[in-house]
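Residue numbers (the working numbering): 63 to 655. For glycine and all other residues, C-beta sits at the position ideal for the given N, C-alpha and C. Report on the following structure.
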């Protein structure tokens with residue numbers, strides 16, 4: 063009996079052992095850790111109290127912010143300790159973008175040595191513990207200075223504007239960064255600046271004309287002046303500052319000039335009658351750079367159409383008026399697609415839109431512009447204003463089938479924001495009240511794989527040309543799309559031959575052509591479709607800077623590293639591209655800025 067019981071216990075033990083052996087072993091921990099340190103780019107010193115964020119690349123991650131202990135979507139966050147150290151644990155495998163911010167420093171990506179260049183993504187595999195990741199923060203730079211007059215006395219009513227030379231629409235132009243009022247002693251401090259070259263311009267904000275005390279003595283006023291004392295931006299001296307620089311001793315000596323007036327009459331070109339209640343703006347032209355709005359130089363015409371600008375310094379100016387652009391059908395009623403999208407689109411004439419007159423008034427909403435050169439008082443100037451141009455046309459697919467939805471016609475002028483209009487379900491579009499100008503036409507919201515195959519205006523091929531409406535005549539624009547666009551796919555690899563997630567791939571057809579861009583996925587792969595036939599160049603950048611990538615002159619410096627690809631209609635090409643390293647980008651960036 064005892065033996066039988068022992069046999070039963072042994073059998074049960076064997077069964078339990080077999081059951082235990084049959085159970086799968088606990089899987090290894092697939093969670094990841096990432097730790098590192100925040101340091102100053104300039105000194106290498108550790109930085110405490112920096113907010114460090116880890117953003118999941120291409121996928122949202124719902125976690126807890128370690129700083130505020132509150133839920134976040136799409137990122138992890140923590141703070142660096144007294145030694146600048148940080149730690150993220152319990153991470154899912156994947157690709158992440160690591161960045162940090164701290165007071166007194168510019169936001170920067172992991173390893174980035176320029177505030178405008180983001181760092182490469184960090185890839186974590188299952189169970190990986192990545193250590194010693196260093197995030198270098200760029201200390202912000204400062205410019206200290208003062209604004210003085212011709213005698214060196216302070217100008218406490220001045221305001222200092224900061225500009226950078228950036229590329230816009232293929233042209234290098236001065237673009238505003240900030241504006242800063244001076245203190246009571248006319249001193250100024252400009253901070254939060256990344257390394258680079260800057261241009262400063264001082265304006266006297268006190269625009270009230272002085273009262274003349276001596277008859278026939280012309281009035282003089284302070285005019286916008288670039289550092290050190292130039293009235294023309296082409297003669298301005300750039301200020302180059304390094305990361306964390308604290309530049310002092312900058313003095314802008316504002317220049318004086320005789321003040322003139324500009325008087326005239328705005329006329330409705332459609333009726334010949336005075337353009338009453340029209341709002342006009344005076345904007346100074348600065349050569350290749352954008353017009354600069356002059357403070358206080360906006361006036362309205364009276365019932366007789368007359369206007370007057372006072373306190374005008376010498377130079378070339380635009381006097382202009384603009385109005386809302388209403389997208390309608392030719393009958394004057396909104397098309398169904400325009401109604402559905404509630405499209406009322408504004409166009410901008412040289413960066414400022416003005417309503418000229420009441421649109422319910424019989425004279426309608428008027429627009430126009432005139433160039434005037436001021437070197438003396440201007441009297442009896444006539445400014446013609448009209449209702450603008452009408453542009454109609456059609457967009458159709460080369461292949462038979464249903465017309466694609468949500469297409470948009472775009473018109474981009476040389477130096478202003480673009481105008482857009484929806485394409486109706488029957489493929490037609492109509493735009494009224496377009497300001498006479500030279501435009502680059504295009505079609506937005508193309509279906510996947512489609513490209514613009516032909517574009518004709520008044521019978522002429524303008525596929526690779528501008529749409530010139532400067533003569534004041536509208537017309538018909540006919541656009542043909544093809545669904546058989548070419549495509550290019552590939553993989554980007556870094557200098558070590560590893561896939562480069564988060565790299566920016568650019569493809570273009572000519573030295574001055576705008577490039578199309580796409581960012582590689584977590585495996586370093588990319589895909590671009592809907593390409594027109596042609597000979598292309600392909601390049602990949604490890605770090606991105608929107609201004610640099612928009613500059614054809616900068617891109618040309620890496621022409622030898624680009625991959626040549628010839629595409630035919632409907633063709634599919636696969637390439638492998640080596641990314642341009644961040645160090646090379648920064649070295650060449652210093653030469654073009």
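Are the CB atoms of residue i and residue j nearer to each other than 8 Å?
i           : j           : result
residue 443 : residue 434 : yes
residue 521 : residue 453 : no
residue 207 : residue 312 : yes
residue 363 : residue 328 : yes
residue 564 : residue 150 : no
residue 209 : residue 114 : no
residue 528 : residue 468 : no
residue 440 : residue 432 : no
residue 380 : residue 321 : no
residue 504 : residue 592 : no
residue 594 : residue 547 : yes
residue 252 : residue 205 : yes
residue 496 : residue 451 : yes
residue 601 : residue 588 : no
residue 549 : residue 590 : yes
residue 307 : residue 203 : yes
What residue from the options has the CA that sits closest to residue i's CA?
i           : options               : result
residue 111 : 99, 336, 566 and 118  : 99
residue 598 : 545, 552, 612 and 568 : 568
residue 16  : 438, 298 and 646      : The displayed coordinates of the chain run from 63 to 655. Any statement about residue 16 would go beyond what the structure contains.
residue 305 : 116, 631 and 256      : 256
residue 449 : 494, 473 and 485      : 494
residue 470 : 194, 244 and 486      : 486
residue 572 : 185, 318 and 626      : 626
residue 220 : 169, 161, 284 and 213 : 284
residue 137 : 147, 155, 160 and 143 : 160
residue 154 : 103, 105 and 94       : 94
residue 498 : 474, 504 and 489      : 474
residue 383 : 330, 488 and 617      : 330
residue 157 : 164, 140, 163 and 96  : 96
residue 34  : 459, 377, 326 and 376 : No statement about residue 34 is possible, as the shown extent of the chain runs from 63 to 655 and does not include it.
residue 344 : 653, 373, 366 and 365 : 373
residue 490 : 513, 480, 459 and 476 : 459
What's the C-alpha gap between residue i and residue j?
i           : j           : result
residue 551 : residue 248 : 57 Å
residue 303 : residue 309 : 7 Å
residue 109 : residue 197 : 10 Å
residue 641 : residue 526 : 30 Å
residue 360 : residue 287 : 21 Å
residue 456 : residue 541 : 6 Å
residue 637 : residue 509 : 24 Å
residue 607 : residue 324 : 43 Å
residue 390 : residue 223 : Because residue 390 carries a pLDDT of 34, less than 50, the predicted location of this residue cannot be relied on, and no value is offered for it.
residue 634 : residue 263 : 51 Å
residue 501 : residue 533 : 12 Å
residue 557 : residue 603 : 11 Å
residue 483 : residue 144 : 56 Å
residue 515 : residue 543 : 5 Å
residue 22  : residue 609 : Since the first residue of the chain shown is 63 and the last is 655, residue 22 is not available in this structure.
residue 539 : residue 651 : 40 Å
residue 148 : residue 140 : 7 Å
residue 562 : residue 319 : 57 Å
residue 639 : residue 630 : 20 Å
residue 585 : residue 553 : 8 Å
residue 733 : residue 346 : The chain is shown from 63 up to 655; residue 733 falls before or after that span and cannot be answered.
residue 212 : residue 229 : 34 Å
residue 340 : residue 169 : 46 Å
residue 33  : residue 188 : No statement about residue 33 is possible, as the shown extent of the chain runs from 63 to 655 and does not include it.
residue 105 : residue 199 : 10 Å
residue 117 : residue 162 : 11 Å
residue 366 : residue 488 : 45 Å
Using the DSSP secondary-structure output, state which residues sit across from residue i in a beta bridge.
i           : result
residue 230 : 233
residue 211 : Paired residue(s): none; residue 211 is not in a bridge.
residue 315 : 210
residue 301 : 260
residue 524 : Note: residue 524 sits in no beta bridge, so no partner.
residue 325 : 370
residue 204 : 308
residue 647 : Looking at the DSSP assignment, residue 647 forms no beta bridge with any residue, so it has no partner.
residue 578 : 569
residue 265 : 221
residue 506 : 470
residue 589 : 551
residue 99  : 147 and 196
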